[in-house]
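Right, one structure below, let's go through it.
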Amino acid sequence: MLEAGLIDAAVVGGVDSLCHTTLYGFNSLELVSSQACRPYDAQRDGISIGEGAAFGLLERLPTASAGDDILLLGIGESSDAHHMSAPHPQGLGARMAMAQALAGAGLTPAQIDYVNLHGTATRSNDAAEGKAMLDLLPGVPCSSTKGATGHTLGAAGAIEAVICALALRHGLLPAGINTTEPDPELPLDYLLQNREQPVHRVLSNAFGFGGSNCSLLFGRADSPG
Numbered sequence: 080m081l082e083a084g085l086i087d088a089a090v091v092g093g094v095d096s097l098c099h100t101t102l103y104g105f106n107s108l109e110l111v112s113s114q115a116c117r118p119y120d121a122q123r124d125g126i127s128i129g130e131g132a133a134f135g136l137l138e139r140l141p142t143a144s145a146g147d148d149i150l151l152l153g154i155g156e157s158s159d160a161h162h163m164s165a166p167h168p169q170g171l172g173a174r175m176a177m178a179q180a181l182a183g184a185g186l187t188p189a190q191i192d193y194v195n196l197h198g199t200a201t202r203s204n205d206a207a208e209g210k211a212m213l214d215l216l217p218g219v220p221c222s223s224t225k226g227a228t229g230h231t232l233g234a235a236g237a238i239e240a241v242i243c244a245l246a247l248r249h250g251l252l253p254a255g256i257n258t259t260e261p262d263p264e265l266p267l268d269y270l271l272q273n274r275e276q277p278v279h280r281v282l283s284n285a286f287g288f289g290g291s292n293c294s295l296l297f298g299r300a301d302s303p304g
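Under this note's numbering, think of the first position of the sequence shown as 80, with each following residue one higher.
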């Protein structure tokens with residue numbers, strides 16, 4: 080609607096509250112960890128369900144921007160349709176979504192400073208996304224913030240988009256909390272500690288059941304070309 084000129088701005092976001100039915104459903108799939116989840120850890124064993132909400136104001140690009148304005152530069156969407164509750168083992172859908180976001184923004188992998196991974200802490204999800212990262216964005220700093228928030232399901236994409244906006248605003252790459260032993264089979268630049276540095280462009284991944292994948296690429300208005 081923004082692109083079509085039908086509206087000037089929209090409030091966008093997501094919210095999800097804890098529901099026993101949802102918790103029991105994930106537990107029936109044997110996907111729930113008995114402890115705080117550890118995304119991308121060698122000993123990861125499942126998700127932690129969280130609840131939360133996040134909203135933002137998305138508006139058409141103004142004629143003049145402040146330097147620290149956060150811009151939505153690219154969007155990537157895909158559906159690998161591999162399995163109802165498991166991603167393609169090689170992360171094809173994840174890679175396609177990330178590549179599409181990069182292409183839409185006219186950027187290369189080398190121009191990305193950080194990736195907020197979907198990173199649910201299940202064996203298959205992290206492995207698939209990690210393989211896509213190694214194929215498309217090797218060496219780019221990354222982490223999953225679900226170690227701090229849990230998997231907030233319908234709110235996760237919005238919460239992590241806001242985290243990415245804050246990373247851009249404050250020049251801080253967030254560590255992957257609870258992860259202590261990164262999986263050696265996924266040799267990523269996975270952040271075990273917060274990293275302070277100039278941050279110009281970041282990618283945020285949100286993947287769902289049925290192979291529905293979305294990647295959002297954000298950047299500062301004053302990012303160098």
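Here a beta-carbon is modelled for each residue, glycine too, at the ideal position from N, C-alpha and C.
Identified DSSP bridge partners for residue i
i	result
His-230	Ile-128
Val-94	Ala-132
Asn-195	Ser-222 and Ser-283
Phe-297	Leu-151 and Val-281
Tyr-269	Cys-221
Glu-275	Leu-251
Pro-261	Asp-120
Ser-113	Paired residues: none, contrary to the question.
Ala-89	Leu-137
Residue i (DSSP reduced to helix, strand or coil)
i	result
Ile-149	strand
Ser-283	strand
Ser-157	strand
Ala-165	coil
Glu-82	coil
Ser-203	helix
Glu-138	strand
Ser-291	strand
Leu-186	coil
Leu-216	coil
Leu-108	coil
Gly-172	helix
Ile-256	coil
Exposure of residue i, with buried meaning 16 or more beta-carbon neighbours within 10 Å
i	result
Asp-95	buried
Val-179	Sequence check: residue 179 is Gln here, not Val. It counts as buried.
Cys-98	exposed
Tyr-103	exposed
Asp-192	buried
Arg-299	buried
Glu-260	exposed
Val-111	buried
Ala-89	exposed
His-249	exposed
Met-175	buried
Arg-280	buried
Asn-195	buried
Met-177	buried
Asn-273	exposed
Leu-136	exposed
Member of the options whose CA lies at the smallest distance from the CA of residue i
i	options	result
Ser-127	His-279, Phe-105 and Val-281	Phe-105
Ile-86	Ser-107, Ala-115 and Arg-139	Arg-139
Gly-229	Gly-198, Arg-202 and Ser-283	Gly-198
Ala-240	Gly-92, Glu-82 and Glu-260	Gly-92
Ile-256	Pro-266, Phe-288, Cys-221 and Gly-233	Cys-221
Gly-155	Leu-137, His-167, Ala-182 and Pro-141	Ala-182
Gly-209	Phe-134, His-167 and Leu-232	His-167
Val-219	Tyr-269, Ser-107, Leu-295 and Gly-287	Tyr-269
Ile-238	Gln-122, Ala-133 and Asp-148	Ala-133
Cys-243	Phe-288, Leu-215 and Val-278	Val-278
Asp-214	Leu-171, Ser-223 and Ala-246	Leu-171
Pro-118	Thr-101, Asp-262 and Asp-159	Asp-262
Below-8 angstroms beta-carbon distance, residue i vs any chain B residue
i	result
Met-163	In summary, chain B is missing from the structure at hand, where a single protein chain is found.
Check: residue i C-beta below 7 angstroms from any heavy atom of the ligand SAM
i	result
Ala-285	The ligand SAM is not among the ligands present in this structure, which contains no ligands whatsoever.
Okay, do the region 163–171 and the region 117–132 touch, 3+ Cβ pairs below 8 angstroms being the bar? no
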